[in-house]
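J.: Residue numbers (my numbering): 97 to 320.
Backbone N, C-alpha and C fix where the C-beta goes; we use that ideal spot for every residue, glycine too.
The structure under discussion is supplied below as C-alpha coordinates; questions concerning it will follow.
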(Lines of atoms letter the chains of each structure in order from A and count residues from 1; the text may use other names and numbers.)
(Lines give C-alpha, C1' and ligand atoms only; values in the text may rest on other atoms or scores of the structure.)
Protein backbone atom coordinates (compact mmCIF):
# COMPACT_ATOMS: atom_id res chain seq x y z
CA UNK A 1 0.00 0.00 0.00
CA UNK A 2 1.39 3.42 -0.97
CA UNK A 3 0.47 6.90 0.18
CA UNK A 4 1.19 10.29 -1.35
CA UNK A 5 2.74 12.33 1.45
CA UNK A 6 2.28 16.13 1.16
CA UNK A 7 5.61 17.99 1.44
CA UNK A 8 4.46 19.99 4.49
CA UNK A 9 3.45 16.83 6.34
CA UNK A 10 6.65 15.08 5.29
CA UNK A 11 8.76 17.93 6.64
CA UNK A 12 7.01 17.64 10.02
CA UNK A 13 7.63 13.90 10.37
CA UNK A 14 9.75 13.01 13.42
CA UNK A 15 13.38 12.18 12.78
CA UNK A 16 14.88 8.90 14.01
CA UNK A 17 16.98 8.95 17.18
CA UNK A 18 18.77 5.62 16.87
CA UNK A 19 16.71 2.46 17.11
CA UNK A 20 14.35 3.91 19.74
CA UNK A 21 12.89 7.37 19.11
CA UNK A 22 11.08 8.20 22.33
CA UNK A 23 9.43 11.57 21.63
CA UNK A 24 6.58 10.51 23.90
CA UNK A 25 8.81 10.26 26.99
CA UNK A 26 7.74 6.70 27.66
CA UNK A 27 11.12 5.34 28.77
CA UNK A 28 13.63 6.33 31.39
CA UNK A 29 17.35 5.75 30.82
CA UNK A 30 17.28 2.19 32.13
CA UNK A 31 14.18 1.37 30.12
CA UNK A 32 15.82 2.64 26.92
CA UNK A 33 19.00 0.67 27.56
CA UNK A 34 17.02 -2.49 28.23
CA UNK A 35 14.95 -2.08 25.08
CA UNK A 36 17.98 -1.32 22.90
CA UNK A 37 19.72 -4.43 24.28
CA UNK A 38 16.67 -6.56 23.40
CA UNK A 39 16.62 -5.08 19.90
CA UNK A 40 20.32 -5.88 19.45
CA UNK A 41 19.71 -9.46 20.63
CA UNK A 42 16.78 -9.79 18.22
CA UNK A 43 18.95 -8.55 15.36
CA UNK A 44 21.60 -11.15 16.18
CA UNK A 45 19.01 -13.92 16.69
CA UNK A 46 16.59 -13.48 13.79
CA UNK A 47 18.36 -10.96 11.54
CA UNK A 48 15.65 -8.27 11.72
CA UNK A 49 16.28 -4.59 12.48
CA UNK A 50 13.62 -3.17 14.83
CA UNK A 51 12.83 0.57 14.98
CA UNK A 52 10.45 2.00 17.56
CA UNK A 53 8.84 5.43 17.72
CA UNK A 54 6.75 6.87 20.55
CA UNK A 55 5.22 10.26 19.80
CA UNK A 56 2.37 12.62 20.67
CA UNK A 57 2.31 14.32 17.27
CA UNK A 58 0.95 12.97 14.02
CA UNK A 59 0.90 15.08 10.84
CA UNK A 60 -0.77 12.21 8.97
CA UNK A 61 -4.46 11.18 9.04
CA UNK A 62 -3.92 7.92 10.97
CA UNK A 63 -1.22 6.08 12.84
CA UNK A 64 -1.08 3.57 9.97
CA UNK A 65 -0.35 6.27 7.39
CA UNK A 66 2.25 7.72 9.76
CA UNK A 67 4.02 4.37 9.95
CA UNK A 68 3.89 3.96 6.16
CA UNK A 69 5.32 7.45 5.67
CA UNK A 70 8.10 6.90 8.19
CA UNK A 71 9.13 3.65 6.53
CA UNK A 72 10.07 5.69 3.48
CA UNK A 73 11.21 8.89 5.24
CA UNK A 74 13.59 6.97 7.52
CA UNK A 75 14.95 5.07 4.51
CA UNK A 76 13.88 1.70 5.94
CA UNK A 77 12.07 0.45 2.86
CA UNK A 78 15.31 -0.42 1.11
CA UNK A 79 16.97 -2.16 4.04
CA UNK A 80 16.81 -5.87 4.66
CA UNK A 81 14.88 -6.74 6.68
CA UNK A 82 13.31 -4.12 8.97
CA UNK A 83 10.32 -3.73 11.28
CA UNK A 84 8.88 -0.38 12.40
CA UNK A 85 6.56 0.04 15.40
CA UNK A 86 4.85 3.41 15.94
CA UNK A 87 3.15 4.22 19.27
CA UNK A 88 1.01 7.35 19.08
CA UNK A 89 -0.71 9.13 21.97
CA UNK A 90 -3.86 11.09 21.14
CA UNK A 91 -5.35 12.92 24.13
CA UNK A 92 -5.19 10.26 26.86
CA UNK A 93 -5.36 7.27 24.53
CA UNK A 94 -2.54 5.31 22.91
CA UNK A 95 -2.69 3.44 19.61
CA UNK A 96 -0.04 1.72 17.57
CA UNK A 97 0.84 0.37 14.14
CA UNK A 98 3.49 -2.17 13.20
CA UNK A 99 4.74 -2.62 9.63
CA UNK A 100 7.64 -4.31 7.89
CA UNK A 101 9.53 -3.55 4.72
CA UNK A 102 9.46 -5.71 1.60
CA UNK A 103 12.47 -7.73 2.78
CA UNK A 104 10.81 -8.80 6.03
CA UNK A 105 10.39 -12.62 6.05
CA UNK A 106 6.78 -13.58 6.76
CA UNK A 107 4.20 -10.99 5.74
CA UNK A 108 2.02 -12.07 8.68
CA UNK A 109 4.54 -11.06 11.36
CA UNK A 110 3.52 -7.38 11.77
CA UNK A 111 -0.15 -8.30 12.21
CA UNK A 112 0.72 -11.01 14.75
CA UNK A 113 2.91 -8.65 16.75
CA UNK A 114 0.28 -5.88 16.68
CA UNK A 115 -2.35 -8.32 17.93
CA UNK A 116 -0.13 -9.67 20.72
CA UNK A 117 0.61 -6.16 22.05
CA UNK A 118 -2.84 -4.60 21.57
CA UNK A 119 -4.08 -5.27 25.10
CA UNK A 120 -1.04 -3.60 26.65
CA UNK A 121 -1.42 -0.55 24.40
CA UNK A 122 -5.14 -0.31 25.20
CA UNK A 123 -4.19 -0.11 28.90
CA UNK A 124 -1.45 2.50 28.26
CA UNK A 125 1.33 0.08 29.24
CA UNK A 126 3.55 1.21 26.40
CA UNK A 127 6.97 0.26 27.72
CA UNK A 128 5.71 -3.29 28.37
CA UNK A 129 4.24 -3.37 24.87
CA UNK A 130 7.58 -2.35 23.36
CA UNK A 131 9.42 -5.04 25.29
CA UNK A 132 6.85 -7.71 24.44
CA UNK A 133 6.98 -6.69 20.79
CA UNK A 134 10.69 -7.46 20.56
CA UNK A 135 10.49 -10.63 22.66
CA UNK A 136 7.55 -11.99 20.65
CA UNK A 137 9.36 -11.21 17.41
CA UNK A 138 12.12 -13.64 18.41
CA UNK A 139 9.67 -16.27 19.68
CA UNK A 140 7.40 -16.08 16.63
CA UNK A 141 10.31 -16.28 14.19
CA UNK A 142 11.88 -19.24 16.05
CA UNK A 143 8.50 -20.99 16.22
CA UNK A 144 7.89 -20.46 12.51
CA UNK A 145 11.35 -21.75 11.61
CA UNK A 146 10.97 -24.76 13.94
CA UNK A 147 7.52 -25.55 12.57
CA UNK A 148 8.79 -25.33 9.01
CA UNK A 149 11.70 -27.68 9.84
CA UNK A 150 9.34 -30.14 11.57
CA UNK A 151 6.97 -30.16 8.60
CA UNK A 152 9.87 -30.75 6.21
CA UNK A 153 11.20 -33.60 8.38
CA UNK A 154 7.73 -35.14 8.69
CA UNK A 155 7.25 -34.93 4.95
CA UNK A 156 10.62 -36.60 4.39
CA UNK A 157 9.84 -39.32 6.94
CA UNK A 158 6.43 -40.01 5.43
CA UNK A 159 7.80 -40.38 1.92
CA UNK A 160 10.88 -42.44 2.85
CA UNK A 161 9.02 -45.77 3.37
CA UNK A 162 7.27 -45.41 0.01
CA UNK A 163 10.56 -44.63 -1.68
CA UNK A 164 12.16 -47.65 0.04
CA UNK A 165 9.45 -49.99 -1.31
CA UNK A 166 9.49 -48.57 -4.84
CA UNK A 167 12.48 -50.56 -6.17
CA UNK A 168 11.46 -53.99 -4.72
CA UNK A 169 7.92 -53.47 -6.04
CA UNK A 170 9.26 -52.65 -9.49
CA UNK A 171 11.50 -55.75 -9.49
CA UNK A 172 8.62 -57.98 -8.36
CA UNK A 173 6.33 -56.60 -11.06
CA UNK A 174 8.97 -57.20 -13.73
CA UNK A 175 9.54 -60.76 -12.50
CA UNK A 176 5.80 -61.47 -12.56
CA UNK A 177 5.55 -60.13 -16.10
CA UNK A 178 8.44 -62.33 -17.22
CA UNK A 179 6.81 -65.40 -15.63
CA UNK A 180 3.52 -64.71 -17.39
CA UNK A 181 5.26 -64.27 -20.73
CA UNK A 182 7.30 -67.46 -20.23
CA UNK A 183 4.48 -69.65 -18.96
CA UNK A 184 1.26 -68.43 -20.51
CA UNK A 185 2.07 -66.62 -23.78
CA UNK A 186 2.83 -68.41 -27.04
CA UNK A 187 6.41 -67.67 -28.15
CA UNK A 188 5.32 -67.96 -31.81
CA UNK A 189 2.20 -65.81 -32.06
CA UNK A 190 1.99 -64.18 -28.62
CA UNK A 191 -1.48 -65.51 -27.81
CA UNK A 192 -2.53 -66.93 -24.46
CA UNK A 193 -1.62 -70.61 -24.01
CA UNK A 194 -4.23 -73.05 -22.78
CA UNK A 195 -3.51 -75.99 -20.51
CA UNK A 196 -4.59 -79.63 -20.64
CA UNK A 197 -3.61 -82.76 -18.76
CA UNK A 198 -2.33 -85.86 -20.53
CA UNK A 199 -3.02 -88.88 -18.30
CA UNK A 200 -0.37 -91.58 -18.02
CA UNK A 201 -1.26 -94.19 -15.37
CA UNK A 202 -1.42 -92.55 -11.95
CA UNK A 203 0.30 -89.40 -13.20
CA UNK A 204 -0.48 -86.74 -15.75
CA UNK A 205 1.54 -84.12 -17.59
CA UNK A 206 0.63 -80.46 -17.87
CA UNK A 207 0.66 -79.44 -21.50
CA UNK A 208 0.37 -75.80 -22.55
CA UNK A 209 -0.77 -75.38 -26.14
CA UNK A 210 -1.81 -72.66 -28.57
CA UNK A 211 -5.01 -73.15 -30.56
CA UNK A 212 -3.93 -70.59 -33.14
CA UNK A 213 -0.56 -71.91 -34.30
CA UNK A 214 -0.40 -75.40 -32.74
CA UNK A 215 2.56 -74.71 -30.46
CA UNK A 216 2.69 -76.86 -27.32
CA UNK A 217 5.05 -77.50 -24.40
CA UNK A 218 4.95 -80.17 -21.71
CA UNK A 219 5.71 -79.23 -18.09
CA UNK A 220 5.94 -81.05 -14.76
CA UNK A 221 3.84 -84.07 -13.94
CA UNK A 222 0.94 -84.13 -11.52
CA UNK A 223 -0.22 -87.07 -9.42
CA UNK A 224 -3.90 -87.97 -9.55
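Just to confirm, are residue 194 and residue 184 a CB contact at a threshold of 9 Å?
T.: The count along the chain shown starts at 1 and reaches residue 194 at position 98. The count along the chain shown starts at 1 and reaches residue 184 at position 88. Cβ atoms of residue 194 and residue 184: not closer than 9 Å.
J.: With a threshold of 6 Å on Cβ separation, who are the neighbours of residue 181 within its own chain once the five nearest residues in sequence on each side are excluded?
T.: By 1-based counting over the chain shown, the position of residue 181 is 85. So the list reads 148, 194, 229, once near-sequence residues are dropped.
J.: What distance in whole Å lies between the Cβ atoms of residue 197 and residue 236, which are believed to be in contact at a cut-off of 8 Å?
T.: Within the chain shown, residue 236 is the residue found at index 140, counting from 1. Within the chain shown, residue 197 is the residue found at index 101, counting from 1. Not quite, the Cβ-Cβ distance comes to about 17 Å (not below 8 Å), so this is no contact.
J.: Could you give the DSSP three-state label for residue 146: helix, strand or coil?
T.: Within the chain shown, numbered from 1, the residue matching residue 146 stands at position 50. DSSP places residue 146 in strand when its eight states are reduced to three.
J.: Which class does residue 291 belong to by DSSP, given the choice of helix, strand or coil?
T.: Here residue 291 is taken as the residue at index 195 of the chain shown, counted from 1. Here residue 291 sits in strand by DSSP.
J.: For residue 127, which residues in the same chain have their Cβ closer than 6 Å to its Cβ, ignoring the five residues on either side in sequence?
T.: Counting from 1 along the chain shown, the entry for residue 127 is found at position 31. Correct list, in chain order: 223.
J.: Tell me the DSSP secondary structure of residue 209 in three-state form.
T.: Against the chain shown, residue 209 aligns to sequence position 113. Of the three classes helix, strand and coil, the one that applies to residue 209 here is helix, per DSSP.
J.: Does DSSP put residue 151 in a helix, in a strand, or in coil?
T.: Here residue 151 refers to the residue found at position 55 of the chain shown. Here residue 151 sits in strand by DSSP.
J.: Residue 181 lies in the beta strand (DSSP E); which residues open and close that run?
T.: Here residue 181 corresponds to residue number 85 of the chain shown, with the count starting at 1. Per DSSP, residue 181 belongs to the beta strand (DSSP E) from 178-186.
J.: Comparing alpha-carbon positions, which option in 206, 220, 138, 211 lies nearest residue 120?
T.: As a first step, residue 120 is located in the chain shown; it is residue number 24 there, counting from the start. Of the candidates 206, 220, 138, 211, the one whose C-alpha sits nearest the C-alpha of residue 120 is 220.
J.: Measuring alpha carbon to alpha carbon, tell me which of 139, 290, 153, 140 ends up nearest residue 108.
T.: Position 12 of the chain shown, counting from 1, holds the residue named residue 108. The residue with the shortest Cα to Cα distance from residue 108 is 153.
J.: Please return the same chain residues whose Cβ sits closer than 6 Å to the Cβ of residue 311, not counting the five positions on each side in sequence.
T.: As a first step, residue 311 must be located in the chain shown, where it is residue number 215. If we look at residue 311 and ignore the five residues flanking it on each side, its Cβ neighbours are 282, 284.
J.: Could you check what DSSP says for residue 170 in three-state terms: helix, strand or coil?
T.: Along the chain shown, read from residue 1 onward, the residue named residue 170 stands at position 74. Residue state, collapsed to three classes: coil.
J.: Compare the beta carbon distance of residue 117 and residue 125 with 9 Å and say whether it is the shorter of the two.
T.: Within the chain shown, numbered from 1, the residue matching residue 117 stands at position 21. Within the chain shown, numbered from 1, the residue matching residue 125 stands at position 29. No. Outside cutoff.
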